[in-house]
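Student:
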Amino acid sequence: MTRLHIEKVTNFIFKYSRGYGDSKLSIRRVIEYSAKEIPGFGGKVFVAEEQDEIIGAEVVNNTGMNGYIPENILVHIATDKNHTDRNLRKKLIAAA
């Protein structure tokens, strides 16, 4: 994930996270953590795009706690409130 794409996803989540109040710095750090390639850590960033515009994004991180608590946690999910697909959040969660 390029630095520019990280910023684009960060800005999207910040704008559309529906008032959960995380700072852009916090969101960016979670996304950067998801890119780590350390066994048992890192995570995934799922992005839904339409005509090169982000319409939904989700960040799932690996806790490194396999066997103790959920191995993966949903940290951020956001969808464009103006997008017509009302099931987009469900689709993002299913992809994770």
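For the sequence shown, my numbering begins at 5 and goes up steadily by one.
All residues carry an ideal CB built from backbone N, CA and C; glycine is no exception.
Quantities reported herein were computed from a predicted structural model and do not represent experimental measurements.
#1: Please determine, among Lys19, Ile77, Tyr37, the residue with the shortest C-alpha to C-alpha distance to threonine 83.
#2: Taking only the alpha-carbon atoms, compute the straight-line gap between glutamate 75 and alanine 39 and give it to the nearest angstrom.
#3: As a quick exercise: from Met5, Glu11, Ala100, Leu92, pick the residue whose alpha carbon is nearest that of glutamate 53.
#4: Would you say the segment 66-75 touches the segment 28-35, given that touching needs at least three Cβ pairs under 8 Å?
#5: So, at 6 Å on beta carbons, what are the nonlocal neighbours of methionine 5 in its own chain, with the 5 sequence-adjacent residues on each side left out?
Tutor: Reading it off the structure:
#1: Lys19
#2: 16 Å
#3: Leu92
#4: no
#5: Ala39
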